[in-house]
Each structure stands twice: as structure tokens, then as C-alpha cells.
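S.K.: Next up is a structure, given as C-alpha cells.
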Amino acid sequence: MPLAACVPTEGAVTSPDDLRLRQQAACSAQIAAHIRRPVAEVTSRWISETDGIATIEARDGNRPHLCRVDATGHVLGFVHPGA
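In this note's numbering, the protein residues as written are 7 to 89.
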């Protein structure tokens, strides 16, 4: 099966779970690049969504990061809570 068959087309309806997983993956990748470590060393979880922007918590070890991720999976920014 061609890889393109696995990619949703523009306007395609995806489930909320798919969207959350894409948002988590985007946040994990962004934080991995930020800490210059493999993405496998970052864990993430979906926290909430407001006005189409998700808050994702990513952790490398016990250091938390909070990402803001839009519905296209684009990371809008991240912060280090408590820093």
C-alpha cells in the first residue's frame, strides 16, 4: 500500500483520538529537538484543548514542558513550568 494512502487528505475527518496522538507526537518531537535527545526519551500526554489549541505535557526524565499545539499538529510554542 502506498504511504500516501495513510495520510489524511485536506478536509478529511479524523477522530479526536487521532488528533490528540498527532498533537502529542508533534510536542514530543519539538521537545526532543530542544533537548537534543532522541524522541524515544520524551513522553507526552494530552492535557486539554481550548479554542482549537491543545496543551500537551512532555517530559524528559522528570523535567516537564508544556506545548501549545494547533489542530494541524503545529507546535505554537512551549514553556518550562516552574522555571
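Using N, Cα and C, we set each Cβ at its ideal position, and we do this for glycine too.
#1: Does the beta-carbon distance from R65 to T49 come in below 7 Å?
#2: Would you list the one or two residues that DSSP bridges to E47?
#3: Is the separation between the beta-carbon of V81 and that of A38 shorter than 7 Å?
#4: Can you tell which of R69, G88, G79, A77 has the C-alpha that lies nearest to the C-alpha of H40?
#5: G79 and R42 look like a contact to me (Cβ under 8 Å); what is the Cβ gap, rounded to whole Å?
M.R.: Well, looking at it:
#1: Yes; because the gap between Cβ atoms is below 7 Å, this pair is in contact.
#2: Paired residue(s): none; E47 is not in a bridge.
#3: Contact: no.
#4: When only C-alpha atoms are compared, the closest one is R69.
#5: Between G79 and R42 the beta-carbon gap is near 22 Å, outside 8 Å, which marks them as no contact.
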